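Engineer: As you go down the protein sequences, you meet chains C and L in turn. End of the first sequence sits at 110 in the working numbering; the numbers just go up one at a time, nothing left out. End of the second sequence sits at 226 in the working numbering; the numbers just go up one at a time, nothing left out.
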Amino acid sequence: GNSVTQMEGPVTLSEEAFLTINCTYTATGYPSLFWYVQYPGEGLQLLLKATKADDKGSNKGFEATYRKETTSFHLEKGSVQVSDSAVYFCALREGGKLIFGQGTELSVKP
Amino acid sequence: DTGVSQDPRHKITKRGQNVTFRCDPISEHNRLYWYRQTLGQGPEFLTYFQNEAQLEKSRLLSDRFSAERPKGSFSTLEIQRTEQGDSAMYLCASSLAGPSGSYEQYFGPGTRLTVT
Chain C
1 GNSVTQMEGP VTLSEEAFLT INCTYTATGY PSLFWYVQYP GEGLQLLLKA
51 TKADDKGSNK GFEATYRKET TSFHLEKGSV QVSDSAVYFC ALREGGKLIF
101 GQGTELSVKP
Chain L
111 DTGVSQDPRH KITKRGQNVT FRCDPISEHN RLYWYRQTLG QGPEFLTYFQ
161 NEAQLEKSRL LSDRFSAERP KGSFSTLEIQ RTEQGDSAMY LCASSLAGPS
211 GSYEQYFGPG TRLTVT
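Structure (C-alpha cells):
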C-alpha cells in the first residue's frame, strides 16, 4: 500500500540556519502531497501542498517541490526561527484519506 | 468560521468502560474524518463520512469502535470495552469535497484518551 517515510528527528538547529526535512513516498500514481505542522499544545495545521509533479508548495517561508523521479517532497526553509520549533508531518492523499509519515521534531535554538 | 471542535479534550477511563467523543466540523464542510495518533507517530486514518454516509473504515477500526454522523453535521466516535492499547489522541478533521471544494483537511485539537 501507499506509505510515507520521513527523516528521523529530533532535528536541532540554530536560529537562521537552513532547514531540510526529507520526505519520500511510495504510491500508485501521483497523489497530492502535503506538509502539516503541529506546534506545541496545538492541533495539526496544513503548512503547504502540491497536487501534481513539479508543483512547488510554499507558505511562511517554507517550500517543498513534488519530485516524481525521486518520489520525494522535501521541506525546506532558508532561515529558521525559534517560532518554527514544532513537529512536521509529511502526508499523501489516498482516495479520501491522508497517510502520514511518523513526524520530524524540529527544535530551533536562539 | 470557528474551526473544528472536539469534546472532551481529555478523557481518563478505566479499562472495560465505554467512552464517546464528539466532533463538530467546520459548518460548510461535507466530509468528516477520524484519525488516531499515538506518541511519536503520525496520525493513522480510522474512518470518514461524506454527509451521513460512512465511506471508508480502516481495518484498524475493530468491532469495539463505532462512528456515526447521523445528520451529516457533528459526529461521534464510541469505543466499547476500552483497552490500555486504546490510549491515544483521537483527531477529527473536516473538508469540503466536490467541484468547488479544495478537499483540504482541517484538524481539530484532538481528544486525549487515557485508559487505566
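Backbone N, C-alpha and C define an ideal beta-carbon position, used for all residues, glycine too. Source: prediction; values computed, not measured.
Tell me, to the nearest whole angstrom, how far the beta carbon of glycine 152 (chain L) is from that of phenylalanine 62 (chain C); I am working on the premise that it is less than 8 Å.
Structural biologist: Start at 1 with the first residue of the second sequence, and residue 152 (chain L) comes out as number 42. Start at 1 with the first residue of the first sequence, and residue 62 (chain C) comes out as number 62. Not a contact, Cβ separation roughly 18 Å.
Engineer: Suppose contacts are defined by Cβ-Cβ distances below 8 Å. Is glutamine 38 (chain C) in contact with glutamine 102 (chain C) by that definition?
Structural biologist: Working through the first sequence from its first residue, we reach residue 38 (chain C) at position 38. Working through the first sequence from its first residue, we reach residue 102 (chain C) at position 102. No, they are not a contact pair.
Engineer: Where does glycine 57 (chain C) fall in DSSP's three states?
Structural biologist: One-based indexing of the first sequence puts residue 57 (chain C) at position 57. Of the three classes helix, strand and coil, the one that applies to glycine 57 (chain C) here is strand, per DSSP.
Engineer: Does the distance between the C-beta of glutamate 69 (chain C) and the nearest non-hydrogen atom of the ligand SAM fall short of 7 Å?
Structural biologist: No copy of the ligand SAM occurs in the structure displayed, which carries no ligand at all.
Engineer: From the beta carbon of arginine 132 (chain L), is the nearest beta carbon of chain C less than 8 Å away?
Structural biologist: Translated into the one-based positions of the second sequence, residue 132 (chain L) becomes position 22. No, no contact with chain C.
Engineer: Excluding the 5 residues preceding and the 5 following tyrosine 213 (chain L) in the sequence, name in chain order all residues of the same chain whose CB lies nearer than 6 Å to its CB.
Structural biologist: In the second sequence, the residue the question calls residue 213 (chain L) occupies position 103. Ser205, Ala207.
Engineer: Of all the residues that make up the stretch 162–173 of chain L, which are near chain C by a beta-carbon distance shorter than 9 Å?
Structural biologist: Leu165, Glu166, Ser168
Engineer: Closest to arginine 3 (chain C) by C-alpha separation, out of C:Gly57, C:Thr71, C:Asp84, would be which residue?
Structural biologist: The residue you call residue 3 (chain C) lines up with position 3 of the first sequence. Looking at the sequence provided, one finds serine at residue 3 (chain C) rather than arginine. Of C:Gly57, C:Thr71, C:Asp84, the residue nearest in Cα terms is C:Thr71.
Engineer: Tell me whether aspartate 196 (chain L) is buried or exposed, calling it buried when 16 or more other Cβ atoms sit within 10 Å of its Cβ.
Structural biologist: As a first step, residue 196 (chain L) must be located in the second sequence, where it is residue number 86. Aspartate 196 (chain L) should be labelled buried.
Engineer: Throw me the rounded Cβ distance for the glutamate 76 (chain C) and threonine 12 (chain C) pair, which I believe falls under 8 Å.
Structural biologist: On the first sequence, residue 76 (chain C) is found 76 positions in, with the first residue counted as 1. On the first sequence, residue 12 (chain C) is found 12 positions in, with the first residue counted as 1. Contact between glutamate 76 (chain C) and threonine 12 (chain C) does not hold, since the beta-carbon distance rounds to 17 Å and is not under 8 Å.
Engineer: Roughly how many angstroms separate the alpha carbons of threonine 186 (chain L) and lysine 49 (chain C), rounded to a whole number?
Structural biologist: Taking the first residue of the second sequence as position 1, residue 186 (chain L) is located at position 76. Taking the first residue of the first sequence as position 1, residue 49 (chain C) is located at position 49. Straight-line Cα distance between these residues: approximately 29 Å.
Engineer: Mapping the DSSP letters down to three states, classify serine 3 (chain C) as helix, strand or coil.
Structural biologist: Along the first sequence, one-based indexing puts residue 3 (chain C) at 3. Residue state, collapsed to three classes: strand.
Engineer: Check each candidate in L:Ala203, L:Phe155, L:Ser168 and name the one with the smallest Cα separation from serine 227 (chain L).
Structural biologist: Summary: the structure shown does not reach residue 227 (chain L), with chain L confined to residues 111 through 226, and so no result is reported for it.
Engineer: Quick check on this structure: which residue in L:Val114, L:Asp173, L:Gly126, L:Leu201 has the alpha carbon closest to the alpha carbon of glutamate 154 (chain L)?
Structural biologist: The residue given as residue 154 (chain L) occupies position 44 in the second sequence. Of the candidates L:Val114, L:Asp173, L:Gly126, L:Leu201, the one whose C-alpha sits nearest the C-alpha of glutamate 154 (chain L) is L:Leu201.
Engineer: Since glycine 1 (chain C) meets chain L, which of its residues come closer than 7 Å, beta carbon to beta carbon?
Structural biologist: Numbered from 1 along the first sequence, position 1 holds the residue referred to as residue 1 (chain C). Per Cβ cutoff of 7 Å: no residues; glycine 1 (chain C) is ~11 Å from chain L at best.
Engineer: Hey, does tyrosine 158 (chain L) have any beta-carbon neighbour from chain C nearer than 8 Å?
Structural biologist: Stepping through the second sequence from its first residue, residue 158 (chain L) is reached at position 48. Answer yes: the Cβ-Cβ gap between tyrosine 158 (chain L) and chain C drops below 8 Å somewhere.
Engineer: Closer than 7 Å by beta-carbon distance: list the chain L residues that pair up with phenylalanine 100 (chain C), in chain order.
Structural biologist: Start at 1 with the first residue of the first sequence, and residue 100 (chain C) comes out as number 100. The answer, in chain order, is Gly152, Pro153.
Engineer: Which partner residues does tyrosine 213 (chain L) have in the DSSP bridge list?
Structural biologist: Start at 1 with the first residue of the second sequence, and residue 213 (chain L) comes out as number 103. The partner list for tyrosine 213 (chain L) (beta bridge, DSSP) is empty, contrary to what the question assumes.
Engineer: Could you check how far apart the C-beta atoms of glycine 43 (chain C) and phenylalanine 217 (chain L) are, in whole angstroms? I think they sit under 8 Å.
Structural biologist: Taking the first sequence and counting its residues from 1, one reaches residue 43 (chain C) at position 43. Taking the second sequence and counting its residues from 1, one reaches residue 217 (chain L) at position 107. That belief holds up - the Cβ atoms of glycine 43 (chain C) and phenylalanine 217 (chain L) are roughly 5 Å apart, short of 8 Å.
Engineer: Quick one: does leucine 187 (chain L) have its CB under 8 Å from some CB of chain C?
Structural biologist: The count along the second sequence starts at 1 and reaches residue 187 (chain L) at position 77. False, the Cβ-Cβ gap to chain C never drops below 8 Å.
Engineer: Determine the burial state of aspartate 173 (chain L): buried for a count of at least 16 other Cβ atoms within 10 Å of its Cβ, exposed for fewer.
Structural biologist: Mapped onto the second sequence, residue 173 (chain L) falls at position 63. By the 10 Å Cβ count, aspartate 173 (chain L) comes out exposed.
Engineer: Measure the CB-CB distance between phenylalanine 34 (chain C) and alanine 91 (chain C) and report whether it falls below 8 Å.
Structural biologist: Counted from its first residue, the first sequence places residue 34 (chain C) at position 34. Counted from its first residue, the first sequence places residue 91 (chain C) at position 91. Using a Cβ distance threshold of 8 Å, phenylalanine 34 (chain C) and alanine 91 (chain C) count as a contacting pair.
Engineer: From the DSSP output, in three-state form, read off serine 85 (chain C) for me.
Structural biologist: Locating residue 85 (chain C) in the first sequence gives position 85, where the first residue counts as 1. It is coil, neither helix nor strand.
Engineer: Could you tell me if glycine 211 (chain L) is buried or exposed, where buried requires 16 or more neighbouring beta carbons within 10 angstroms of its beta carbon?
Structural biologist: Position 101 of the second sequence, counted from the start, is the residue given in the question as residue 211 (chain L). Flag for glycine 211 (chain L) reads exposed.
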